[in-house]
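Residue numbers (UniProt numbering): 1 to 306. Reviewing the structure listed below.
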């Protein structure tokens, strides 16, 4: 069976050894298709009690995929791309977000789509949030500024999903300009939107062994050399953790210098993995590493810290 990839293959028409791409833009249709598939599989594996949340997330991703077919207008793309990537004053960010209707509309659509699979009290809360645009905008700004504990967990997941599908589409439509102007270097945050990574991906195929970080917001992957800590750049005290053997497709890389860790998905071992879905499905590994005194350096948008 052919695997549907969400990473565009290299153009082999270019002769010679090709330079490492600083950015890999996702194929959003394939991203959402794979993620929904993985979430439904994990829901089955988790059983009836624990699997309900994975089923809810599968519905949410399915709704994101529908939104993908409602492209952003040029004005919203420009407005989203103009949002500062980091270090923005929150009041200023709120003013910018108020002028971008697409994410607000996306939130209302997602609430409508998942309303049948959430408790009535949650649905009522979400609908009320959608009617108070200034308050919702403040919560969106909290998320984008990293103030995750200031936002109700039930609201945060759907609100981030709305922001994500809009930010991802904006990047998708602005690829040419980004490639010409966006420096990458050794970025620990996404060069396209400033968000934290979900995890590291070690790729296979034409990009065998290369490491890319996957953005938790716009789904872009950006290159980071292996053998150094994503968070602090140190290399002397890196360790890899797994419950299986060294060929395990899900691992954790920890740094003894800054005491942080990040999940690593070896797509060269198992190309069917999805960073967001399979990260949720392997939180037991996070727990084991955190018990050793390490703190997570990345963000899973389906499980906010709090």
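We put the CB at the ideal spot given by N, CA and C, even for glycine. Computed from a prediction, not measured in an experiment: that's the story for all the values here.
Contact between the stretch 120 to 133 and the stretch 275 to 294 is not established, with fewer than three Cβ pairs separated by less than 8 Å. Following the DSSP letters along the chain, one finds residue 164 in no beta strand (DSSP E) but inside the alpha helix (DSSP H) bounded by residues 153 to 173. The shortest C-alpha to C-alpha distance from residue 100 to any of 75, 87 and 246 is the one to 75. In terms of Cβ geometry, residue 203 and residue 209 form a close pair [threshold 9 Å]. Inter-residue distance for residue 293 and residue 259 is about 7 Å (C-alpha atoms, whole angstroms). Within 10 angstroms of the beta-carbon of residue 246 lie fewer than 16 other beta-carbons, which makes it exposed. By the neighbour-count criterion, in which 16 or more other beta carbons inside 10 Å mark a residue as buried, residue 147 falls on the exposed side. By the C-beta density criterion, residue 283 is exposed, having fewer than 16 other C-beta atoms within 10 angstroms.
Rounded to the nearest angstrom, the Cβ distance from residue 134 to residue 298 is 30 Å, too far for a contact under 8 Å. Using a C-beta cut-off of 8 Å, the stretch 238 to 258 makes no contact with the stretch 35 to 45, since fewer than three inter-stretch Cβ pairs fall below that distance. When the beta-carbon positions are compared, residue 187 and residue 262 stay at least 9 Å from each other.
Annotated as proximal: residue 173 and residue 72, with beta-carbon spacing under 9 Å.
Here DSSP, grouped into helix, strand and coil, assigns residue 220 to coil. Distance from the CA atom of residue 107 to the CA atom of residue 166, rounded to whole angstroms, is 10 Å. The beta carbons of residue 301 and residue 141 sit no closer together than 9 Å.
Only buried fits residue 251, as 16 or more other CB atoms lie within 10 angstroms of its CB. With distances taken between CA atoms, residue 104 lies nearest to 126 out of 290, 55 and 126. Nearest neighbour of residue 18 by Cα position, chosen from 154, 206 and 192, turns out to be 206. Of 177, 49, 20 and 291, the smallest CA-CA separation from residue 82 is found for 177. Around the Cβ of residue 223, a 10 Å sphere holds 16 or more other Cβ atoms; the residue is buried. Judged by their CB atoms, residue 114 and residue 59 are nearer to each other than the 9 Å cut-off. Sequence-distant partners of residue 296 (beyond 5 residues in either direction) whose C-beta falls short of 8 Å from its own C-beta, in its chain, are 260, 261, 262, 286, 290 and 305.
In the displayed model, residue 273 falls within coil according to three-state DSSP, outside both helix and strand.
Excluding the 5 residues flanking it on each side, residue 149 has same chain C-beta neighbours closer than 6 Å at 306, in chain order. Partner residues in a beta bridge of residue 84, as assigned by DSSP, do not exist.
Residue 80 places its beta carbon less than 9 Å from that of residue 102. Contact annotation: residue 23 and residue 221 have beta-carbon atoms nearer than 9 Å.
For residue 32, the uninterrupted alpha helix (DSSP H) run begins and ends at 28 to 68, by DSSP.
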